[in-house]
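Since the structure comes first, as structure tokens, the remarks are kept for the end.
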Amino acid sequence: MKAVVITTPGGPEVLQVQQVEDPQIKEDEVLIKVEATALNRADILQRQGRYPPPKGASEYPGLECSGTIEAVGKHVSRWKIGDQVCALIGGGGYAEKVAVPAGQVLPLPPGVSLKDAAALPEVACTVWSTIFMTSRLSSGESLLVHGGSSGIGTFAIQIAKYLGIKVFVTAGSEEKLAACKDLGADVCINYKTEDFVARVKEETGGKGVDVILDSLGASYFQRNLDSLGMDGRLFVIGLMGGAVTELNIGSLFAKRLTVQAAGLRTRTLENKAAIVSEVEKHVWPAVAAGKVKPIVYKCFPLSEVAEGHRLMESSQHIGKILLVP
1 MKAVVITTPG GPEVLQVQQV EDPQIKEDEV LIKVEATALN RADILQRQGR
51 YPPPKGASEY PGLECSGTIE AVGKHVSRWK IGDQVCALIG GGGYAEKVAV
101 PAGQVLPLPP GVSLKDAAAL PEVACTVWST IFMTSRLSSG ESLLVHGGSS
151 GIGTFAIQIA KYLGIKVFVT AGSEEKLAAC KDLGADVCIN YKTEDFVARV
201 KEETGGKGVD VILDSLGASY FQRNLDSLGM DGRLFVIGLM GGAVTELNIG
251 SLFAKRLTVQ AAGLRTRTLE NKAAIVSEVE KHVWPAVAAG KVKPIVYKCF
301 PLSEVAEGHR LMESSQHIGK ILLVP
């Protein structure tokens, strides 16, 4: 099969499509013929040599896919050959075929094309496992999402609004803020021209928000704490703004704040299966009802994977970038 190989750590030019061996499935896995895969920031880090795949995962990039099941392991009962699905994977999506643990496979949601479904697993599992399963965000509360126009952001806005939550977002251009507003965001803040802490305080009567989903890390850490209300929860899912910062611990005491952080790729198979099950139960009905949809900015053929990475690194996109074998 064809797959994208990282020939050496470096820039987008190190990504090359090569002929490689087909993946072999284990007894509890399925083989998916890939219709599409989606780009994630983790793929860029892996390409740069800063985020190696977990033990046992495919060496090829790609953390989600959609496609048709071609083979099933002997211990797999739910799925059969010919099923159209999408899946959360530990690697290997940038290829024509990928082996996936059966517990990480999701049925194609009604009303979504097989290609566009590739844009859903990673964002749905990330958002649901962090701010809902762990931070317990619930109806009537408020959420601040940094990078509202990203794949994570566009999904978080939609699912939060569906569940009756007031959504604040930050983004770096009026075009991106307009896209967030169209998806249902209540308060849209241009972080280049506004102080998001002041705006959050203004919009909440000084109280602050209940939950923040943050991919910046160090550069926003103290300001995030300042933006939270009593019993507020900060969930960090990325370190684009650095990993080391100074903290005024007193700000945690004063408002009984909770700070959490987690990735998705390095979780156990059992943990991933539990998250995928929760996503099917709670998120798929919203997708089926048309209340949450994949936001696809552009689709590249596998041969133009380097262009896809350049686009993602430019941060000019809104939503997800897809690759099609």
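For the sequence shown, the residue numbers in the UniProt record's numbering are 1 to 325.
Even glycine gets a Cβ: it sits at the ideal position worked out from N, Cα and C.
Rounded C-alpha distance that separates residue i from residue j
i           : j    : result
E35         : T68  : 7 Å
V85         : K293 : 16 Å
V17         : E304 : 9 Å
residue 367 : I152 : Because the chain here runs from 1 to 325, residue 367 falls outside it and cannot be looked at.
Y60         : Y94  : 7 Å
F300        : K26  : 30 Å
S314        : E194 : 22 Å
A99         : T126 : 21 Å
V72         : P285 : 26 Å
L88         : T130 : 16 Å
K23         : H146 : Per the sequence presented here, residue 23 reads as Pro, with Lys not at that position. Taking the straight line joining both Cα atoms gives about 37 Å.
D116        : T154 : 14 Å
G263        : G232 : 20 Å
L15         : R47  : 8 Å
P101        : H75  : 11 Å
R223        : S142 : 17 Å
S251        : E174 : 32 Å
S66         : Q19  : 21 Å
E270        : E70  : 23 Å
E64         : K201 : 37 Å
K33         : G290 : 26 Å
Close Cβ partners of residue i (< 6 Å) along its chain, the five nearest in sequence each way excluded
i    : result
A179 : S149 and I318
L39  : G308, M312 and I321
V187 : F168 and E203
F196 : T170 and I189
K192 : G172
G49  : P9
T258 : R233
A57  : G90 and G91
R199 : I189
Collapsed DSSP secondary structure at residue i in the structure displayed
i    : result
S142 : strand
T245 : coil
E13  : helix
N190 : strand
K80  : coil
G263 : coil
D231 : strand
Q48  : coil
L322 : strand
E59  : coil
I211 : Here residue 211 turns out to be Val, not Ile, going by the sequence shown. The answer is strand: DSSP assigns V211 an E or B state.
A198 : helix
L68  : Reading the sequence as shown, one finds Thr at residue 68 and not Leu. Residue state, collapsed to three classes: strand.
E35  : strand
I6   : strand
A171 : strand
S251 : helix
E203 : helix
Q166 : The sequence shown places Lys at residue 166, rather than the Gln named in the question. In the structure shown, K166 sits in a strand (DSSP, three-state: E or B).
Q24  : coil
Contacts around residue i, its chain only, beta-carbon distance under 7 Å, and the 5 residues preceding and following it disregarded
i    : result
P110 : A288
P297 : Per the sequence shown, the amino acid found at residue 297 is Tyr instead of Pro. These residues qualify, in order along the chain: H317, I318, G319, K320 and I321.
V276 : L88, G103, Q104, L106 and C125
G184 : I157, Q158, K161 and V167
E278 : W128 and M133
Burial state of residue i (16 or more Cβ within 10 Å)
i    : result
M230 : exposed
L247 : exposed
A261 : exposed
I249 : exposed
F221 : buried
R256 : exposed
T268 : exposed
T37  : buried
S215 : buried
L29  : Checking the sequence, you will find Glu at residue 29 rather than Leu. So E29 counts as buried.
Proximal residues to residue i (C-beta, below 8 Å), its chain only, five neighbours per side dropped
i    : result
G164 : S139 and G140
G217 : V236, G238, L239, M240, G241, G242, A243 and T245
A254 : none
K2   : V17, Q18, Q19, V20, A95, E96, L302 and P325
Closer than 7 Å to chain B by CB, residue i
i   : result
V34 : In the structure shown, chain B cannot be found, because there is only a single protein chain.
Going residue by residue through the stretch 71–135, where are the continuous alpha helix (DSSP H) segments of at least 4 residues, counting only ones entirely within it? Taking only runs of at least 4 residues, the alpha helix (DSSP H) segments lying wholly in the stretch 71–135 are 121–127.
Which whole runs of the beta strand (DSSP E) in the stretch 265–317 are 3 residues long or more, in chain order? DSSP runs (the beta strand (DSSP E)) wholly in the stretch 265–317: 296–301.
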